[in-house]
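In the numbering used here, the protein residues as written are 83 to 305.
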């Protein structure tokens with residue numbers, strides 16, 4: 083009961099700081115993860131009444147963008163999430179956090195304006211100096227003005243925001259690693275018609291690896 087009371091008081095505090103019209107009972111947060119542009123994935127985590135709802139987390143494979151373009155990735159991620167919620171008439175969040183600075187936040191705002199969800203408040207969570215936890219800045223855009231809010235490390239609202247942001251980061255990294263691992267364990271030989279598991283194994287054993295097969299002549303491979 084005490085824990086529930088603390089969560090409620092933290093949400094009331096967050097509502098006051100961000101000057102929200104209603105209590106942010108339904109919060110979502112987005113993060114994009116990739117490794118040098120490879121295997122880009124996006125995550126959306128959902129918190130209800132200050133508690134993570136893991137069953138409602140969603141991951142997205144980001145497609146058809148320039149590798150490493152975080153702005154395009156965020157644009158696609160937010161569009162796919164909310165165009166689907168609108169289509170399926172599912173509940174929409176009271177508040178949305180974007181893991182990133184003003185650039186990523188602006189992309190999300192552009193999407194929300196385009197699909198008619200400009201009433202939902204979006205907040206950027208920019209990393210602090212040296213990427214140290216507790217030094218994050220909250221960025222909000224209202225009436226075309228950029229407001230930056232810095233809270234003390236021990237502020238319960240900032241601690242909740244960091245918890246939500248860390249959860250989105252963890253979920254994105256987890257799915258990025260899974261995708262990257264799957265990509266790397268799939269051999270290009272598997273896409274060649276007529277080359278089954280035994281023949282792939284025989285080729286790899288004979289030549290010693292994929293790079294050696296690539297260098298081999300047609301005659302050597304036929305042999």
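All C-beta atoms, glycine included, are put in the ideal place defined by N, C-alpha and C.
In this text, all values refer to a predicted model and were calculated from it rather than measured experimentally.
- When only Cα atoms are considered, residue 193 and residue 187 end up about 10 Å apart.
- In this model, residue 180 and residue 126 are separated by some 10 Å (Cα to Cα).
- With distances taken between CA atoms, residue 138 lies nearest to 174 out of 169, 144, 122, 174.
- Beta-bridge partners assigned by DSSP to residue 180: 112, 206.
- For residue 92, the three-state secondary structure derived from DSSP is helix.
- Look at residue 221 here: in three-state DSSP terms it is strand.
- In its chain, beyond the 5 residues on either side, 111, 112, 113, 125, 126, 127, 179, 181 have a beta carbon closer than 8 Å to the beta carbon of residue 250.
- Taking residue 236 as reference, the option from 228, 222, 230, 218 with the minimal CA-CA separation is 218.
- Rounded to the nearest whole angstrom, the CA to CA distance from residue 302 to residue 247 is 54 Å.
- One Cα belongs to residue 243, the other to residue 146, and the distance between them is close to 31 Å.
- The beta-bridge partner set that DSSP reports for residue 141 consists of 125.
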